[in-house]
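The sequence shown: position 107 = 103 (my numbering), numbered continuously. Yeah, the Cβ is synthetic: ideal placement off N, Cα and C, and Gly gets one too. Quick caveat: nothing in here was measured; it's all calculated off a predicted structure.
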Amino acid sequence: MSELSVTCLLFDEDQLKALLSILPLIRKYLDREWQVDTDPSSVSDVVVVNLDDSAGGPLLEALVGKGVHAVGCARHPRLHVAGTLHRPFRGYEVLALLQEGERRAFDRSRSRPSRRDLESEVRRFALAEWPAEFREWPKEWWRVLAAIRTNCLSAVQIAQRCDLPEAEVMACLDILQERKAVSVRVDIEILDSTKGGRRPGFWRRIGARVSDLLGRL
């Protein structure tokens, strides 16, 4: 499995070293490897903000408002919202935070469509020419040919129209592509709507927000 990352904002070097020293101690209780970074523009799984810094409160509010999994950290956490971590870091709190990060990452991976699923939705097929040997093919494939003779359809749509398993449809389409008997186009709107993750521009804006807050100090 790939690494997950926790971004720490507005912490000094000693505090970061303390967090790095905790990770090996709790590693056996985690399912994934974790790395620590301080780049506000990085696409991170968890963000921790130092609320004892004057810029921390507004920054945390901005992150949470954008749907980022972010928590605060302070010397007196009871003075802040529930879920605020202690500063200096405490091992059991860091463990709970990262375990929650792993749970969310797992949920995202389950909800994200596979590459094959994306292709079956995004690609559209239209019959360019009748294959010379089509009469020798299964009768079920004839229905596929008829469906895309006058329509440009995705594999999912073809399967629905022909009342066939999608795997059967894809097998036919693979052969048609080998024979160069179909034209294929990509539906950009669906491709954009199914891309997982946040836009890079969002994280660039967060980075700019941090710089702006720090510049006001």
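So, under 8 Å CB-CB, leucine 141 and tryptophan 126 are touching, yes? Tell me the CB distance rounded to an integer number of Å.
That pair is a contact at about 7 Å.
Could you check what DSSP says for phenylalanine 130 in three-state terms: helix, strand or coil?
Three-state result, phenylalanine 130: helix.
Which runs of the alpha helix (DSSP H) at least 4 residues long sit entirely within the stretch 50 to 119? Give them in chain order.
Listed in chain order, the complete alpha helix (DSSP H) runs (minimum 4 residues) inside the stretch 50 to 119 are 52 to 61, 87 to 107 and 111 to 118.
Run through DSSP, which three-state label would serine 38 get?
Of the three classes helix, strand and coil, the one that applies to serine 38 here is coil, per DSSP.
Keeping to the same chain, check which residues put their C-beta closer than 6 Å to that of alanine 122; ignore five residues upstream and five downstream.
Once the five neighbours on either side are set aside, the close Cβ partners of alanine 122 are Ile144, Cys148 and Ser179.
Along the beta strand (DSSP E) that carries cysteine 148, what are the first and last residues, could you check?
Per DSSP, cysteine 148 belongs to no beta strand (DSSP E) and is neither H nor E.
Look at the alpha carbon of phenylalanine 102 and the alpha carbon of tryptophan 133, and state the distance between them as a whole number of angstroms.
So the two alpha carbons sit approximately 42 Å from each other.
Counting pairs of Cβ atoms below 8 Å between the stretch 79 to 99 and the stretch 12 to 30, do you hit three or more?
At 8 Å Cβ cutoff, the stretches touch.
Should arginine 181 be labelled buried (16 or more other beta-carbon atoms within 10 Å of its own) or exposed?
Exposed.
Mind the definition here: the stretch 65 to 72 touches the stretch 38 to 50 only if three or more C-beta pairs lie below 8 Å; say whether that holds.
Touching, yes, given that three or more Cβ pairs across the two stretches are closer than 8 Å.
Any idea which residues DSSP pairs phenylalanine 121 with across the strands?
Note: phenylalanine 121 sits in a beta bridge opposite Leu149 and Val180.
According to the neighbour-count rule (16 or more other Cβ atoms, all chains shown, within 10 Å of its Cβ), is valine 152 buried or exposed?
It counts as exposed.
Nearest-angstrom Cα distance between glutamine 156 and isoleucine 171?
Glutamine 156 and isoleucine 171: Cα-Cα distance of roughly 20 Å.
Confirm, please, whether the CB-CB distance from leucine 5 to tryptophan 30 is below 8 Å.
No, they are not a contact pair.
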